[in-house]
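Chains as they are written, first to last, in my numbering: chain A, 6 to 200; chain B, 1044 to 1283; chain C, 18 to 475. Reading through the structure tokens given below for one structure.
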Amino acid sequence: MESRSTILAAVRANKPGEVALPSIRTIERNEISNCTDTFKNLVQAIGGKVEEIQYNEVQETVERLFPDAKYTASGTKRYKGTIQLEHITDPKALENLDVFVCRGLLGVAENGAVWLPESAIVHRVAPFITQHMVVVLNESTILEDMHAAYDEIDVAEYGFGFFMAGPSKTADIEQSLVHGAHGPRSLTVLLLKTL
Amino acid sequence: MRVALFVPCYIDQLYPHVAVATLELLESLGCTVAFPLDQTCCGQPMANAGFEHVSAKAMSVFIDNFDLYDYIVAPSGSCVLHVHEHIKAPDSSRPFSDRVFEFCQFLMDVLEVKELPGSFNQKVGLHESCHGLRGLRLGVSSELRKTPYSKPAHLLSMKKGVELVPLTRWDECCGFGGTFAVSEEAVSVKMGKDRIQDHLDHEVEVLTSTDMSCLMHLDGLIKKERIPLKVMHIAEVLNG
Amino acid sequence: MVNHAKNAEAFNQDEARTNWHDETLWFVREKRDKASGQIPEWEALRELASGIKDHTLSKLDVYLEEFEKKATENGIKVHWAVDAQAHNEKVFEILSDHGVKRIVKSKSMLTEECHLNPYLEEKGIEVVDTDLGERIVQLAEDTPSHIVLPAIHLKKEEVGEVFHNRIGTDKGASDPYYLTEAARQHLRQQFLTADAAITGVNFAIAETGGIVICTNEGNADMGVHTQNVHIACMGIEKIIPRAEHLGVFLRLLARSATGQHLTVYTSHLHKPKEGSELHVILVDNGRTEQLGRPDFRNSLKCIRCGACMNTCPIYRRSGGHSYGSTIPGPIGAILSPGYDLEKYSSLPFASTLCGSCSDVCPVKIDIHTQLYKWRQVAGAEGHIAGSKKRAMRFMGMVFGSPHFYRKVGRLMRRAARFMPNKWIYNRRNVWGKSREIPPMPKESFRDWYMKNRLGNGK
Ligand code: SF4
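Next comes the structure, spelled out in structure tokens:
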């Protein structure tokens, strides 16, 4: 408690006079004419894959893409995995997960990211510990940019939520880009076309 | 138009021909040029070394010599920037930042020059000196996401015969930096060598700049290594 | 006392390596140029980000308390630490409460600043850095040389050697794919067997009481979600007022840092996962003092993107270690003197004041202006060598008197003209080591002007 009062007192003593908070609405944003195409291009540019499918093709598509997957899990009803996530209590038990499929709540055109809140992934560790990641996304949820995304989501609604932009990567060795640093080696976005 | 010529100390002492070219071009563009005889230095060498407090006298010499003029022109972006940022005019309604101009800036913004006399038939590489570019905003630096523009480059392209050569890292610092050139000798020399190499890679014949201080450093390296590259201040090129 | 010039000179002994270092970082700068160029409103975004940070610093106490309140409501345990020691002790206290023996840690410049690793190791707790770059330097018993690219100073062959000795990769193997895969396997074991996770924080949202962590590798999340205890350590300046401000900072951060549009993972944590604990430690460690320095306070706006390092022509040619401080490069050179002016007094001079850092900075910190101001502080407080001081005093006198100035100029030019080369290029002439001295003309411009324009030259 002592640290707390010392710090707050020092801030009060040393801070400058109040500066007004600028409104983020003042920004004249770049208009993106075709969000879906931009999103698709971006996902591919950052090392992901995009497949356009019908809503009832999720199961078969994942099976086609990952024929050798032994352990799979899902956060969406459109795909049935081999592991029932609800029964897992120790996150480390997901160590051997090959493929994890879940629903993305929205996509962001300007950077190819998808928003995945806790409700969609069931287990926080699942989308990270898995070898491959599949996100099912409705085309209609793709928004222009990060400002639009934060207008849409309530970050505090769930205990955890994250944007994922492409598969896990690193360039820590001489700036050579390598996919699959710690998280999934691949990311596939299954885009459900709007009818 | 009546203008006062501010000749930075090292140009006065070491590169008088640069000041002559500046004077001549200003005159041929119709200016009446005065050279206040008791000028010395803006005080930048001391200030950048951490001794702004010993440069007070130099600053007052500057004020004594120039305060009467409405237009003060110097062939150096670096010295002009220092005056703008650190020398306070006695009358605060006439700040030096409104009255002191770097040479190219004066040609473009005040004289609004549209053509230049004579010609200069060489492949020219422009070294954008940092204080002119990022300090005085004589152009848009490569870091900024704005429409590219450069006043010195624009003037060079106006000069008949000049072939302005594009460079790879066109606005990287040459490594002069005042006392930095000596106190950080190793990096300073390396930066200079790298700048020169960029010009050589693009087959530049004449390396020019708005600042003679950058050129003094680069020319020192060029001469030591006997590199076939000529160094000229932009006033000389534009006056040539 | 850090002597940047000396360290830089040593770095430059191997010119091929200096070129390699320079080009590697320039490559990152070019990626940044490309990514930022895709946003037409880039400059407006920088302005906005800078404005939001200015505002936040001016109400930092209010936002810190708001954050604490909301975070506590969310089930996060919030702690405060005045300095590095208090921070380290708090971390240790939490860890010992849970009998933790080994932790997995993702990148946090704050914990580097507090020297948490050696502190915990001394107490018998094993720390495993999980960011690949950090793991490399940890295994190499080295230190990070860059805040975003910790192992940027090492060549792949050197990484291969370290991995061979420490985690048993094949001798001589240096392929980045192979080495990264080996590190992945090695670190997976660490994640599965550790007892707690420590992370840094990129942003803490006052309005919602949550924290945001950005990584590309996914190492922070692997740590956080596999462990039951998570300690997030943050400097008090990481606070932002509202969640909507994330849109602004995130659009700038990754583009500035690595030229990506967004980091692969941008994780928002508001509640600990069921049955787990989430601790946030708010650390001062000199920040409130910096807040009290009007000339230097806006260095606290830094979002640690590293762009000022990548763009700095001196950093690229002297390496991160030459700065001898946790945070190297231009931002390090304005932060470090605030902690210890004597020790770091050479850093503000490790710059030509070219201003590239200020133009690249996504939150518009006037870095090069602050470098200039630190020089004045160092000069006024006597942290500059006596010889330089005497030279500057002398110059002050020369330029303070027109008459004296002309006399000295004449003498200098004359002397140089008549002196034998051997005398000029002596050991003490540092300028002349690799450079010719300028020409020494017979007359000054003033002499010429008197003759040719006033007609009364002597
Ligand atoms: S000072 Fe600016 S450019 Fe440098 S790391 Fe901080 S935010 Fe990035």
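Virtual Cβ for every residue (Gly too), placed ideally from N, Cα, C. Since the structure is predicted, the reported quantities are computational estimates derived from the model, not experimental observations.
Item: Going straight from the alpha carbon of residue 1164/B to that of residue 1246/B, what length do you get?; Value: 14 Å
Item: So is residue 31/A in contact with chain C if we call contact Cβ pairs under 9 Å?; Value: yes
Item: In the DSSP output, which residue or residues are listed as bridge partners for residue 176/C?; Value: None; residue 176/C has no bridge partner.
Item: Using DSSP with H/G/I as helix, E/B as strand and the rest coil, what is residue 143/A?; Value: strand
Item: Exposed or buried, residue 435/C, counting other C-beta atoms within 10 Å across all chains shown (16 or more means buried)?; Value: exposed
Item: With a threshold of 9 Å between beta carbons, is residue 134/A in contact with chain C?; Value: yes
Item: Just to make sure I have the definition right: I need the residues of chain C whose C-beta is within less than 9 Å of the C-beta of residue 1054/B. Which are they?; Value: 462
Item: Residues bridged to residue 122/A by DSSP?; Value: 166/A
Item: Spell out a yes or no on whether the region 44-56 of chain A and the region 101-121 of chain C are touching, meaning 3 or more CB-CB pairs, one atom from each, closer than 8 Å.; Value: no
Item: Use the C-beta contact count for residue 174/A: other C-beta atoms within 10 angstroms, 16 or more gives buried, fewer gives exposed.; Value: buried
Item: Is residue 349/C near residue 302/C, with beta carbons less than 9 Å apart?; Value: no
Item: In the DSSP assignment, what residue or residues form a beta bridge with residue 146/C?; Value: 122/C
Item: Taking 9 Å as the cut-off, decide whether the C-beta atoms of residue 36/A and residue 157/A are in contact.; Value: no
Item: For residue 1090/B, collect the residues of the same chain with a Cβ closer than 8 Å to its Cβ; drop the 5 residues on either side in sequence, then sort them by chain order.; Value: 1098, 1125 and 1129
Item: Give the residues of chain A in contact with residue 239/C, contact being defined as C-beta atoms less than 8 Å apart.; Value: 130, 133, 134, 187 and 188
Item: For the beta strand (DSSP E) that residue 1273/B lies in, which residues bound it at each end?; Value: 1273-1276
Item: If you measure from the CB of residue 323/C, is any heavy atom of the ligand SF4 nearer than 8 Å?; Value: yes
Item: Taking C-beta to C-beta, are residue 285/C and residue 166/A nearer than 9 Å?; Value: yes
Item: From the DSSP output, which residues share a beta bridge with residue 175/A?; Value: 183/A
Item: Can you pull the chain B residues whose beta carbon is under 8 Å from the beta carbon of residue 405/C, in chain order?; Value: 1092, 1222 and 1226
Item: Return no unless some Cβ of chain C is closer than 9 Å to the Cβ of residue 1046/B.; Value: no
Item: Got a sec: which bits of the region 1059-1073 of chain B sit with their beta carbon under 7 Å from any beta carbon on chain C, in order along the chain?; Value: 1059, 1062 and 1063
Item: Using C-beta distances below 7 Å, list every residue in its chain close to residue 283/C, excluding the 5 sequence neighbours before and after it, in chain order.; Value: 229, 231 and 267
Item: Near residue 203/C, what residues of its chain come up, given a Cβ to Cβ distance below 7 Å and the 5 sequence neighbours on each side ignored?; Value: 184
Item: Looking at the unbroken alpha helix (DSSP H) that takes in residue 373/C, where does it start and where does it end?; Value: 373-377
Item: What are the partner residues of residue 75/C, as DSSP defines its beta bridges?; Value: DSSP, once it has assigned bridges, lists no residue as partnering residue 75/C.
Item: Which word fits residue 438/C, buried or exposed, when buried means at least 16 other C-beta atoms lie within 10 angstroms of its C-beta?; Value: exposed
Item: How big is the Cα-Cα spacing for residue 187/C and residue 193/A?; Value: 32 Å
Item: Can you pull the chain B residues whose beta carbon is under 7 Å from the beta carbon of residue 451/C, in chain order?; Value: 1232, 1264 and 1267
Item: On the three-state DSSP scale, how would you describe residue 314/C?; Value: helix
Item: Residues in its own chain within less than 7 Å of residue 339/C by CB, not counting five upstream and five downstream?; Value: 21, 24, 25 and 28
Item: Going by C-alpha distance, which of 472/C, 468/C, 471/C and 463/C is nearest residue 1062/B?; Value: 463/C
Item: Taking only beta-carbon atoms, is residue 351/C less than 9 Å away from chain A?; Value: no
Item: So, helix, strand or coil for residue 191/A, using DSSP?; Value: strand
Item: For residue 170/C versus residue 336/C, is the C-beta spacing smaller than 9 Å?; Value: yes
Item: Could you check if residue 380/C belongs to the surroundings of the ligand SF4, using beta carbon to heavy atom distance under 8 Å?; Value: yes
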